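Protein chains: 4
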Amino acid sequence: MISAVVMTEPDAPLELQTFDRPDLEPGAVLLKTLGSEVCGTDAHLWKGQLAGVPYPIIPGHVSVGQIAALGPVHPTTGVVRDVSGAPLQVGQVVTFLDVYGTCGRCWYCTVGHATTRCPERKVYGVTLSARDGLLGGWSEYIHLKPGVHVIPLPAELDWRAFLAGGCGMPTALHAVTLGEVAFGDTVVVQGAGPVGLCAAVLAQLRGAGQVIVVGGPEIRLAAATRFGADAVIDIGSTTQDERLAAIRAATGGRGADVTIEATGVPAAVPEGMRLTRDAGRYVVVGQYTDAGNAMFNPHLDLNQKHLDIRGCWGSDVGHVYRSVQVMARYGRQFPWTDLITRQYALDEAQTALEDVAAQRVVKALIVP
Amino acid sequence: MISAVVMTEPDAPLELQTFDRPDLEPGAVLLKTLGSEVCGTDAHLWKGQLAGVPYPIIPGHVSVGQIAALGPVHPTTGVVRDVSGAPLQVGQVVTFLDVYGTCGRCWYCTVGHATTRCPERKVYGVTLSARDGLLGGWSEYIHLKPGVHVIPLPAELDWRAFLAGGCGMPTALHAVTLGEVAFGDTVVVQGAGPVGLCAAVLAQLRGAGQVIVVGGPEIRLAAATRFGADAVIDIGSTTQDERLAAIRAATGGRGADVTIEATGVPAAVPEGMRLTRDAGRYVVVGQYTDAGNAMFNPHLDLNQKHLDIRGCWGSDVGHVYRSVQVMARYGRQFPWTDLITRQYALDEAQTALEDVAAQRVVKALIVP
Amino acid sequence: MISAVVMTEPDAPLELQTFDRPDLEPGAVLLKTLGSEVCGTDAHLWKGQLAGVPYPIIPGHVSVGQIAALGPVHPTTGVVRDVSGAPLQVGQVVTFLDVYGTCGRCWYCTVGHATTRCPERKVYGVTLSARDGLLGGWSEYIHLKPGVHVIPLPAELDWRAFLAGGCGMPTALHAVTLGEVAFGDTVVVQGAGPVGLCAAVLAQLRGAGQVIVVGGPEIRLAAATRFGADAVIDIGSTTQDERLAAIRAATGGRGADVTIEATGVPAAVPEGMRLTRDAGRYVVVGQYTDAGNAMFNPHLDLNQKHLDIRGCWGSDVGHVYRSVQVMARYGRQFPWTDLITRQYALDEAQTALEDVAAQRVVKALIVP
Amino acid sequence: MISAVVMTEPDAPLELQTFDRPDLEPGAVLLKTLGSEVCGTDAHLWKGQLAGVPYPIIPGHVSVGQIAALGPVHPTTGVVRDVSGAPLQVGQVVTFLDVYGTCGRCWYCTVGHATTRCPERKVYGVTLSARDGLLGGWSEYIHLKPGVHVIPLPAELDWRAFLAGGCGMPTALHAVTLGEVAFGDTVVVQGAGPVGLCAAVLAQLRGAGQVIVVGGPEIRLAAATRFGADAVIDIGSTTQDERLAAIRAATGGRGADVTIEATGVPAAVPEGMRLTRDAGRYVVVGQYTDAGNAMFNPHLDLNQKHLDIRGCWGSDVGHVYRSVQVMARYGRQFPWTDLITRQYALDEAQTALEDVAAQRVVKALIVP
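So the sequences go chain by chain: A, B, C and D. Quick note, the working numbering runs 1228 ahead of the 1-based positions in the first sequence. Quick note, the working numbering runs 1228 ahead of the 1-based positions in the second sequence. Quick note, the working numbering runs 1228 ahead of the 1-based positions in the third sequence. Quick note, the working numbering runs 1228 ahead of the 1-based positions in the fourth sequence.
(1) What residues match up with T1487 of chain B in a beta bridge as DSSP calls it?
(2) Mind checking who I1370 of chain D pairs with in its DSSP beta bridge?
(3) Residues in its own chain within less than 7 Å of I1286 of chain C by CB, not counting five upstream and five downstream?
(4) So, does the CB of S1312 of chain D fall closer than 8 Å to a CB anywhere in chain A?
(5) Below 8 Å, can you find three or more Cβ-Cβ pairs linking the segment 1465–1485 of chain A to the segment 1375–1395 of chain A?
(6) Tell me, please, whether the CB atom of D1270 of chain A is closer than 8 Å to any CB atom in chain B?
(7) Tell me which same chain residues have a C-beta within less than 6 Å of the C-beta of R1482 of chain B, skipping the five on either side of it?
(8) Reducing DSSP to helix, strand and coil, say where L1298 of chain D ends up.
(9) Which residues share a DSSP beta bridge with Y1605 of chain C?
(10) Looking at the C-beta of Y1336 of chain A, does it have a partner C-beta in chain D at a distance below 8 Å?
(11) Looking at the structure shown, is S1543 of chain D part of a helix, part of a strand, or coil, going by DSSP?
(12) Excluding sequence positions up to five away, which residues of its chain have a Cβ less than 7 Å from the Cβ of N1521 of chain D?
(13) Listing by chain order, which chain A residues have their CB less than 7 Å from the CB of V1554 of chain D?
(14) Short check: CB of P1238 of chain C to CB of Q1578 of chain C, under 8 Å?
(15) For the candidate residues D:L1298, D:R1560, D:V1290, whose alpha-carbon lies nearest to that of E1265 of chain D?
(16) Counting only beta-carbon atoms, is H1302 of chain C nearer than 8 Å to chain A?
(17) If you follow the beta strand (DSSP E) that V1439 of chain A is in, where does it begin and where does it stop?
(18) Grouping DSSP H, G and I as helix and E and B as strand, with all else coil, what is M1397 of chain D?
(19) For I1568 of chain D, which residues of its own chain have a beta-carbon under 8 Å away from its beta-carbon, when the five flanking residues on both sides are left out?
(20) Determine the closest residue to A1450 of chain B out of B:E1582, B:T1330, B:A1428, with distance taken between C-alpha atoms.
(21) Hey, out of A:D1326, A:L1325, A:R1309, whose CA is closest to V1318 of chain A's CA?
(22) To the nearest angstrom, how far is it from the Cα of G1508 of chain D to the Cα of Q1515 of chain D?
(23) What residue does the beta strand (DSSP E) around T1466 of chain A start on, and which one ends it?
(24) With 8 Å as the threshold, decide whether the Cβ of R1333 of chain A is near any Cβ in chain C.
(25) Helix, strand or coil: which one does DSSP assign to E1582 of chain B?
(26) Using the beta-carbon count (16 or more within 10 Å), is M1523 of chain A buried or exposed?
(27) If you reduce the DSSP assignment to three classes, tell me which class V1339 of chain A lands in.
(28) Could you name the residues of the same chain whose beta carbon sits closer than 6 Å to that of G1419 of chain C, not counting the 5 residues immediately before and after it, in chain order?
(29) Evaluate E1582 of chain D with the Cβ neighbour count: other Cβ atoms within 10 Å of its Cβ, from every protein chain shown; 16 or more gives buried, anything less gives exposed.
(30) Quick one: which chain B residues come within Cβ less than 8 Å of D1536 of chain A?
(31) Using a Cβ-Cβ cut-off of 8 Å (strictly less than) and excluding sequence neighbours within five positions of T1517 of chain C, which residues of its own chain qualify?
(32) Please check if any C-beta of chain C sits within less than 8 Å of the C-beta of V1339 of chain A.
(33) Hey, how far is the Cα of V1322 of chain C from the Cα of V1554 of chain C?
(34) Of all Cβ atoms in chain B, is any one closer than 8 Å to the Cβ of Y1283 of chain C?
(35) Please report the distance separating the alpha-carbon of Y1572 of chain A from that of Y1558 of chain D.
(36) Given that D1518 of chain C touches chain D, what residues does it touch there, using C-beta distances under 8 Å?
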């Protein structure tokens, strides 16, 4: 029997339930879970802030495991291969794209080239139900359905290091890529959670001239500094005007070349427009749930500023694949595992969730 | 003595004043005005809605004239040349970039490559004072200071045709370029004034699959249809929900691939975000003055939509040069002069201004 | 019994063979062929100039048909839908992307976002064997395997008009898109075959300031002129130096802003580099087979020119979908069917092939 | 009297000559030289391999100096300001863009947005004559004419460190920017001279997954490794096939995502096309002089590969400004001064030139 954490409905206590070992379809993979992250989305799920979630679910979208078993060879697609085309082997340590079922046939997949808007898209640990099996990471085993994109971790990338980035890393990688950071740019990051911290690191790996993190609380700002931020601004002890003045002072009066929003707070968005220089780029990635409206001035904040604003939704295979390569390559420079505040066993998942919701930790892992 | 229309201060009647023929500096050009446009900006100037205007001014930023005289040869830059490098000749029919004085040395000019944000930038007819001479187009002559960028009109482009586009054409050309219209895209244009109409035409010259103009009043929507819009939606007789439903119905439920805002109304901006499909592009070019705030939902309207929003400010030499080429090439297809509702003499400038402010005309010309 | 043209091996006469009506798998579609094009690739296939062709094949990659039958509902993907998500209906007139089997799982599909380089990719009429069924368009019926991307033709787009563009249209659409034509640009097209002619049209639908076609023979240059080219240069009666001088003369001495190569002749490539202005863009789309080497000067032709050169391979769903939209929208302006020189019955396919190989026709259709 | 090194004509011994202290025009600056680099271009100049050089010249294009004097305030442009708009002060340590005289009026400056192709463009130490004054860096003083773009060095960037990059840094920054390196990409650099080494560093500051340098001799490959290259391939001891095999082996058989050519050898260009993966990007920056032709296969090397090739010519203010910011920010990670093999006095310039031409040094400085 396999134990897994189940979120039965919003606001209810998590339960530890047992499941049968699944039969593997041709092309499927069974992972023995090494670890799975706890992310802000899990707190949103628990509070019922996301639409279309098929409770009960097994939370945990970004996970690492060891291949325990491979399904039969698939009649048309053959043996299961990783993203680079190499056949998978039992015993390999791998991660996988939590997004499953992107159809490849709809308008968004084929004409729009915007696969994160495919209506068939499901997410492990978020929009796949525990009634359909081990489709989340807070579990002893994870069932990768045929077609899930599998990415082996290179030998030099410890699985804990990869999970220290968690889903924040591909999310930030997508956002920073959209930000088109040029060499020497000043990058302001709004928010010091996992996405914000990863964005602050990745901005340095785009050759930013300075990286300034605006956020809190103290434990997260300290992490930002440890990971190379040139300056941090505590959102708890400053006004919006003070923050604007500070960013202007650091940029010859102009404002940030690129700003990355990773807060989830609607009011951060008009503030971010103002923190960004004329003709700069502003990427909004943190508004993952509907937390209300915001007010802005289209003339001053957008049109006259000649500002570029880019909403950023979801990740694709490339973002995760590239995150793995980057984390493996720059681990000497950035000690990823320092981001992990604490590991939790399956039966401590409730505590993990509450610690994350209260921002008492930087990154929490579930380790079955 | 040279007659010119002077706007002495906001809300005061326009005056016809006389000026001496200017002495030309080395590198300067004197134009005998053939015509100058009246644009929405002139109405804003008259109402005092722009900051930093050095009244008294001679209005008229986009103009066409015949070269009446050339200043002495400049000691370092030599004879005056057009943008393509050909020496200018007395008698040539030319237009010029109204933007003057972009410095070429500041951060925005050199590092930011965003010359429309250069702080030294002045605009003929807007931010140059009548105290400094014939620096606006509603005048018998225009004094082009050394360094003004001059663009001859090709033989096949009548000067009235060029002014029928007026400053709306390079503005729209900038906006449509930023919109990155792909072949077959649905383009929605918000606003049916000169910028909006030009955008509707230029969208067809990017191979749009359909072009829908949302605006009014009837005279302008009729022009949109005559210039090839596939559909028009009258803003006066529809609700926001009806407009959204109409655009969705025309796009398989998705929304516009590209939306161009050219209204000046703050509430149009959140509406435009919603009219645009997920992962689409939204260009905001019409918020030229501060007309107040707007409310939007950062999660629904921006982040989850994976929306790109691009503020668009000002024009550069390239936009005007390209407008000239496009209008010359596609005049058989688009009868530009049909956009001109009426021509006004210098002493009718007050009427012209009022007709434009009241949207009684599509395009008005001052013809000295 | 179903008749189809079979190319049994290179250089052998085409044969008319009969096939059984296929059993349709879940998700498959049977098309009654309305027409299929004959393109230069078919001549290459016949001469054995493409590698990896599984002779015998039924030629004909871009085709239009009427849906004769739909396979059973697929257990996971449900009813067959078009690219926009609408369920297909028997009797509809549709085209389809000839590319079949792009895997969606390999590195090029998922990380590289370069699906035209997917190693699993097969092409109807080119790399699918007649041994496996009705997988080419020169046939009374075409068997669309599950997953083939189907695009209905709008009512205003006659099927003959669509085939007049044929595979040249999406190919040219891909190339012209890569060329990033700006408003008013001078576009030079090398080659006056179907790809070149379509590129010349599409350049106008990007707002090019002038379009110059360099090619031959006379019948094709006449078509270029009829379809709006501002000038044509006959490759048969000019030297390379003369052509360079002519393009320079038409562009103020600079050269083309964008050049599109669609010739298949290696020597055209260094010539195209020289026809393009400094800092211009050069798209090479016509070198579809290995016709030998070319010599160029890396300093003069590339580095000092600050030239962008873009190889362009294959089409994806978006290119065909967008071609359909553009051809439907701009049919009044461009009388597509004028490109068709002659229609051939199935038993005239050999003549059609020879006419195309000899460039005696602009566009040839097979109409069963 | 001021001493300066003069290259009187190609192949002649350098001379030490004396000059009068220049009178400064309004807007001019006199720099007391701290140091100036010796670069491969100086060897080309000495061998007479560049066209249009107005011998005699004072070599030295990238230099650092201390402001010794400022000219009178300019009547129209006012006090001399740095690129960020701050007034310059006597005593400041600054560098400057060696490109001088870009006109801001021609087609390339205004429409083409390709200022490195402006025909008015001159370069300190290369295309400005010693007859016109102290217009090169191998001199005790340098005369910055009005309009030269001046960039102060931040306190944390030692002037020797900046010169260790020399003109290789902005050149490589331009090339790597054009390469559009994505996170995790494999970047191959052809050439291990200053441009190649800087490109190898900058690729890491774009988050490359691995950086492989192909070049020689040993002293330079050792520098590449010290500056973080993941692998080096010695061009002296390998065949083209072996190099291709090595790159393929390091990239899952695909080839480099981005290749940067910095060799000056024509044959490197077709090799670089082959080292790059399908749909990858290849930037050619090293073909600074005409060293002959190269042969390639347009079908295999370009069209079917769907390859992007980008010629890269010259630097603008932004490239130098950004180089300064990057070198200041990442000096702890990359010990720039280690790139300097030796400093030479003015009267040792001949030796310096010969050492550079023979590739006996990585970077040589002239220190008056």
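Cβ atoms here follow ideal geometry from the backbone N, Cα and C, with glycine treated the same way. Computed from a prediction, not measured in an experiment: that's the story for all the values here.
Taking the structure as given:
(1) Reading the second sequence from its first residue, position 259 is the one you call residue 1487 of chain B. Residue pairing by DSSP puts T1487 of chain B in a beta bridge opposite B:V1416, B:Y1510.
(2) Sequence index remark: in the fourth sequence, residue 1370 of chain D carries index 142 (1-based). In the DSSP output, where bridge partners are listed per residue, I1370 of chain D has D:L1259.
(3) By one-based count along the third sequence, residue 1286 of chain C stands at place 58. These residues qualify, in order along the chain: A1232, V1233, V1234, G1353, A1358, L1362, L1363, G1364, W1366, S1367.
(4) As a first step, residue 1312 of chain D must be located in the fourth sequence, where it is residue number 84. Chain A contact via Cβ: present.
(5) Output reads no: the segment 1375–1395 of chain A does not touch the segment 1465–1485 of chain A.
(6) Numbered from its first residue, the first sequence carries residue 1270 of chain A at position 42. D1270 of chain A does not count as touching chain B.
(7) Here residue 1482 of chain B is taken as the residue at index 254 of the second sequence, counted from 1. So the qualifying residues of the chain are R1505.
(8) Taking the first residue of the fourth sequence as 1, we reach residue 1298 of chain D at position 70. Three-state DSSP puts L1298 of chain D in a strand.
(9) With chain C covering 1229 to 1596 only, the question about residue 1605 of chain C has no answer from this structure.
(10) As a working note, residue 1336 of chain A is residue 108 in the first sequence. With a threshold of 8 Å between beta carbons, Y1336 of chain A makes no contact with chain D.
(11) As a first step, residue 1543 of chain D must be located in the fourth sequence, where it is residue number 315. Three-state DSSP puts S1543 of chain D in coil, outside helix and strand.
(12) Walking along the fourth sequence from the start, residue 1521 of chain D turns up at place 293. Excluding five sequence positions before and after N1521 of chain D, the CB atoms of its chain that fall closer than 7 Å to its own CB belong to P1494, given in chain order.
(13) Translated into the one-based positions of the fourth sequence, residue 1554 of chain D becomes position 326. Those within 7 Å of V1554 of chain D in chain A are F1411, G1412, G1435, G1437.
(14) The residue you call residue 1238 of chain C lines up with position 10 of the third sequence. The residue you call residue 1578 of chain C lines up with position 350 of the third sequence. Taking 8 Å as the Cβ cut-off, P1238 of chain C and Q1578 of chain C do not qualify as a contacting pair.
(15) Here the question's residue 1265 of chain D lines up with position 37 in the fourth sequence. Selected option, being the one with the closest Cα: D:V1290.
(16) Position 74 of the third sequence, counting from 1, holds the residue named residue 1302 of chain C. Output row for H1302 of chain C: interface = no.
(17) Stepping through the first sequence from its first residue, residue 1439 of chain A is reached at position 211. 1438–1443 is the extent of the beta strand (DSSP E) around V1439 of chain A.
(18) Position 169 of the fourth sequence, counted from the start, is the residue given in the question as residue 1397 of chain D. M1397 of chain D falls in the helix class under three-state DSSP.
(19) Taking the fourth sequence and counting its residues from 1, one reaches residue 1568 of chain D at position 340. So the list reads R1388, L1391, A1392, V1590, K1591, A1592, L1593, once near-sequence residues are dropped.
(20) Position 222 of the second sequence holds residue 1450 of chain B. The residue with the shortest Cα to Cα distance from A1450 of chain B is B:A1428.
(21) Position 90 of the first sequence holds residue 1318 of chain A. Nearest Cα to V1318 of chain A within the set A:D1326, A:L1325, A:R1309: A:R1309.
(22) For the purposes of this step, residue 1508 of chain D is identified with residue 280 of the fourth sequence, where counting begins at 1. For the purposes of this step, residue 1515 of chain D is identified with residue 287 of the fourth sequence, where counting begins at 1. The alpha-carbon atoms of G1508 of chain D and Q1515 of chain D are separated by roughly 20 Å.
(23) For the purposes of this step, residue 1466 of chain A is taken as residue 238 along the first sequence, with counting starting at 1. For T1466 of chain A, there is no enclosing beta strand (DSSP E), as DSSP marks it with neither H nor E.
(24) Along the first sequence, read from residue 1 onward, the residue named residue 1333 of chain A stands at position 105. A Cβ of chain C is located within less than 8 Å of the beta carbon of R1333 of chain A.
(25) Sequence index remark: in the second sequence, residue 1582 of chain B carries index 354 (1-based). If DSSP states are grouped into helix, strand and coil, E1582 of chain B belongs with the helices.
(26) Locating residue 1523 of chain A in the first sequence gives position 295, where the first residue counts as 1. Of the residues assessed, M1523 of chain A falls on the exposed side of the cut-off, its CB having fewer than 16 other CB atoms within 10 angstroms.
(27) By one-based count along the first sequence, residue 1339 of chain A stands at place 111. Here V1339 of chain A carries a coil assignment [DSSP, helix/strand/coil].
(28) In the third sequence, the residue the question calls residue 1419 of chain C occupies position 191. G1443, A1490, T1491, G1514.
(29) Numbered from 1 along the fourth sequence, position 354 holds the residue referred to as residue 1582 of chain D. Per the 10 Å Cβ criterion, exposed.
(30) Residue mapping note: residue 1536 of chain A aligns to position 308 of the first sequence, counting from 1. Residues of chain B whose Cβ lies closer than 8 Å to the Cβ of D1536 of chain A are, in chain order, D1536, I1537, R1538, G1539.
(31) The count along the third sequence starts at 1 and reaches residue 1517 of chain C at position 289. Residues H1272, Q1277, L1278, G1492 of the same chain have their beta carbon placed closer than 8 Å to that of T1517 of chain C, with the five preceding and five following residues left out of the count.
(32) In the first sequence, counting from the first residue as 1, residue 1339 of chain A sits at position 111. True, the Cβ-Cβ gap to chain C drops below 8 Å.
(33) By one-based count along the third sequence, residue 1322 of chain C stands at place 94. By one-based count along the third sequence, residue 1554 of chain C stands at place 326. Taking the straight line joining both Cα atoms gives about 16 Å.
(34) On the third sequence, residue 1283 of chain C is found 55 positions in, with the first residue counted as 1. Put simply, the CB of Y1283 of chain C is far from chain B, with every gap to its CB atoms at 8 Å or more.
(35) The count along the first sequence starts at 1 and reaches residue 1572 of chain A at position 344. The count along the fourth sequence starts at 1 and reaches residue 1558 of chain D at position 330. Each residue's alpha carbon lies about 37 Å from the other.
(36) If you number the third sequence from 1, residue 1518 of chain C lands on position 290. The answer, in chain order, is N1525, H1527, L1528.
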